[in-house]
Amino acid sequence: MAFPEDVLADEEEIVLHLRPHWKAVVLPTIVLLLAVAGLIMGVVLLPSTDGGRIGLLLVAAIMAYYGGRYGLYPLLDWRCTEFVLTGERLLTQRGIVDRERRDLPLNRINDHSMTQSLLDRLFGSGTLTIDSIGDQRAVLAGVPAAPLVQTTLYELIELAPAAEPDEEEEEEQPQRGSSSGRRSR
Numbered sequence: 074m075a076f077p078e079d080v081l082a083d084e085e086e087i088v089l090h091l092r093p094h095w096k097a098v099v100l101p102t103i104v105l106l107l108a109v110a111g112l113i114m115g116v117v118l119l120p121s122t123d124g125g126r127i128g129l130l131l132v133a134a135i136m137a138y139y140g141g142r143y144g145l146y147p148l149l150d151w152r153c154t155e156f157v158l159t160g161e162r163l164l165t166q167r168g169i170v171d172r173e174r175r176d177l178p179l180n181r182i183n184d185h186s187m188t189q190s191l192l193d194r195l196f197g198s199g200t201l202t203i204d205s206i207g208d209q210r211a212v213l214a215g216v217p218a219a220p221l222v223q224t225t226l227y228e229l230i231e232l233a234p235a236a237e238p239d240e241e242e243e244e245e246q247p248q249r250g251s252s253s254g255r256r257s258r
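Heads up, the sequence shown is in the working numbering, so the first residue is 74 and it goes up one at a time.
Have a look at this one:
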């Protein structure tokens, strides 16, 4: 599933297109496989009597719940989460049914930091926390190649055009070198 090109501005190019690290799908895959194995065991081991059928329905309901809630849903969530870094902004998109897309212009980013646990360091992933003007924060969890992404983000921020100051801020700041002609001695 490619990122929709209609979201991008004219001549805006994608620098990085990422999905959360693959380690996020290991545990849900194991849970899904265990749920299927539990269902197969129920079919094989339970007798074909009325009580066995009721037991099989109960086992099937439990396995469907746990397999869906802790297996299938996290897999779909991982598949539907994307991080896109362009020359102008950072876009995050997530959601299985309801889609949430967030844009963060690079010229409004104040600070960005990376945290890595021991497991993250082994896999090369990490969590990027990006702060911007106006108390906005984007937390990108499980980013693959996090040090490289942070370096690329820094380089793009340096290349991004500076944010234009608001006219109100210019009026509030005192002007240096006023034209009154007076000098203090």
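Just so you know, even glycine gets a beta-carbon here, dropped at the ideal spot from N, CA and C.
Quantities reported herein were computed from a predicted structural model and do not represent experimental measurements.
| Asked | Found |
| --- | --- |
| Cβ distance (whole Å) where Pro101 is taken to contact Gly144 below 8 angstroms | 5 angstroms |
| Boundaries (first-last residue) of the beta strand (DSSP E) holding Asp176 | Glu173 to Pro178 |
| Residues near Ser253 by beta carbon distance below 7 angstroms, same chain, minus five either side | In this prediction, Ser253 scores a pLDDT of 45, lower than 50, which makes its location untrustworthy; the coordinate-derived value is nonetheless stated afterwards. Taken in chain order, the list of residues that qualify is empty. |
| Residue nearest to Leu201 in terms of C-alpha spacing, selected from Val109, Leu163, Val99 and Glu85 | Leu163 |
| Beta-bridge pairing of Val99 - partner residues as DSSP gives them | In the DSSP output, where bridge partners are listed per residue, Val99 has none listed. |
| Simplified DSSP state of Val88, which is helix, strand or coil | strand |
| Contact with chain C by Gly215, beta-carbon distance below 7 angstroms | Protein chains in the displayed structure number just one, and chain C is not present. |
| Own chain partners of Ala233 with C-beta closer than 6 angstroms, once the 5 adjacent residues on each side are dropped | Leu179 and Asn180 |
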